[in-house]
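First the structure, in the form of structure tokens, and then the observations on it.
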Amino acid sequence: MAFNANLLLVTAFLCLLSVHHGSACFPAIFSFGDSLQDTGNFINTFANTTISKLPWGITYFHKATGRYSDGRLIIDFIAQALGLPLVPPYRGGGNFSRGANFAFGGATAQDPNTLAGLGLNVTGFMKTPLFVQIDWFKDLLKSVPSLADRTFLGNSLFIMGEIGGNDFNAALSQDKPIENIKDAFVPGVVRTISSGITTLIALGAKNFIVPGNLPIGCVPAWLSKYKRSGPGYYDANGCIIWLNDFSQYYASKLQDELNKLKRDHREANIYYADYYGAGMRLFSDPKQFGELLNLP
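What the sequence shown shows, in mature numbering (1 follows the signal peptide of the UniProt record, and there is no 0), is residues -24 to -1, 1 to 272, in sequence order.
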């Protein structure tokens, strides 16, 4: 899987930092995000859904687990690489001594009320934005006091996203101009992620991986919606240039904010995960990462 290499390198580096400071490598993983990271929260909330049956989960788990994938997600590969159990979904209950996943399929970074204020019709939006997921995390710490130990949290790994993609997807699907999305939506997503990280640092967290967005100009839904003809519209991979330019614009703004957080919280290890670059490697040379299938 193309996205694994960079993330695992970052994880390994963070692990070395943890060992250097005299502690075991990541006793737990705590994760927040949307469907790219959800290991079962959506399915444990809404049982009768599309992802509750095959072919979801068919290639690895051989059953539907609530992952928006036929197999494992990036968080699963990270957990396995660290020798940790797969991170259980918070809404599924169970043993959270080695971490918990609060990511929820369809989640936005910003609150639906905020998005409505930006002119979106938010009917049907998931009411599980990032601040709700962090509230779930706080509830878990209250219910299991041993998890609230600051040393434990300081040695654990926190994966903040990907989150925010659904804010942009909603704006695009409702035909918001790209300049409006840059000016009105990107700052709010970046602020929300930054605020979430700051909240977690105050609770004792120190080790963060913060992914950016995928190259959305290569996403089939947008290739269909924004289909055009003429030179200069698509890149060599057949992806829409202006949408990928937006993904890179957002990535630059997010990284600027993460650099500010690093300066303000020198005790924390905050690393950006380049989903855009990893995704473009996959689209540029797909045969390197698996078998190509021609679907009917």
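C-beta atoms are modelled at their ideal positions from N, C-alpha and C, and glycine is treated no differently.
As the structure is a prediction and not an experimental result, all values here were calculated from the model.
With distance defined between alpha-carbon atoms, name the residue in the options nearest to residue i.
i	options	result
W111	K152, Y66, A244	Checking the displayed sequence, the identity of residue 111 turns out to be Asp instead of Trp. Among K152, Y66, A244, the Cα nearest to that of D111 is on Y66.
Y225	F101, V162, K263, L237	V162
K152	A181, L96, G140, G255	L96
F144	T104, A83, I173	A83
Y247	S119, Y210, F184	F184
Q231	A249, R242, N220, A244	A249
E243	F53, G255, A146, A178	A178
K158	G141, S170, S171, T174	G141
I51	E267, P64, T99	P64
A146	P187, A85, K29	A85
T35	L49, T25, F22	L49
S223	N235, Y202, P191, V195	P191
K201	I216, D87, G68	I216
I169	D261, Q109, A254	Q109
G164	S122, S119, K103, K229	K229
P88	P105, L30, L116, T175	P105
A124	V98, G100, F72	F72
G68	R167, L116, M256, S122	L116
L91	P262, Q150, G255	Q150
H241	M256, G208, S171	S171
Can the beta-carbon of residue i be found less than 8 Å from the beta-carbon of residue j?
i	j	result
F2	L133	yes
D14	F107	no
L129	G180	yes
I154	W198	no
G59	E138	no
Y44	S11	yes
A212	Y252	no
N20	G47	no
A40	W32	yes
I135	L237	no
N77	N156	no
N245	K203	no
L94	A160	yes
The beta strand (DSSP E) spanning residue i covers which residue range?
i	result
Y247	245 to 249
G164	Element bounds for G164: not the beta strand (DSSP E) but the alpha helix (DSSP H), 162 to 179.
G59	No beta strand (DSSP E) holds G59; DSSP gives it neither H nor E.
K76	Note that residue 76 is Ala in the sequence shown, not Lys. That run of the beta strand (DSSP E) goes 75 to 77.
S7	5 to 8
Ends of the alpha helix (DSSP H) at residue i?
i	result
G93	88 to 93
L133	Not the alpha helix (DSSP H): L133 falls in the beta strand (DSSP E), residues 133 to 136.
K20	Note on residue identity: the sequence assigns Asn, not Lys, to residue 20. It spans 17 to 21 - the alpha helix (DSSP H) in which N20 sits, taken as one unbroken run.
L148	141 to 149
Taking residue i and residue j to be in contact with their CB atoms under 8 Å, please state how far apart those CB atoms are, rounded to whole angstroms.
i	j	result
A57	I5	The Cβ separation is near 11 Å, so there is no contact.
N220	G188	At roughly 12 Å, the Cβ-Cβ gap does not stay under 8 Å, so N220 and G188 are not in contact.
L234	V186	6 Å
Flag residue i as yes if its beta-carbon sits less than 8 Å from any beta-carbon of chain B, otherwise no.
i	result
F18	In the structure shown, chain B does not exist; there is a single protein chain.
As an exercise, report each continuous alpha helix (DSSP H) stretch of at least 4 residues that is fully enclosed by the segment 170 to 243, in chain order. 196 to 201, 217 to 240
Within the segment 99 to 130, ranges of the beta strand (DSSP E) (whole runs, at least 3 residues): none
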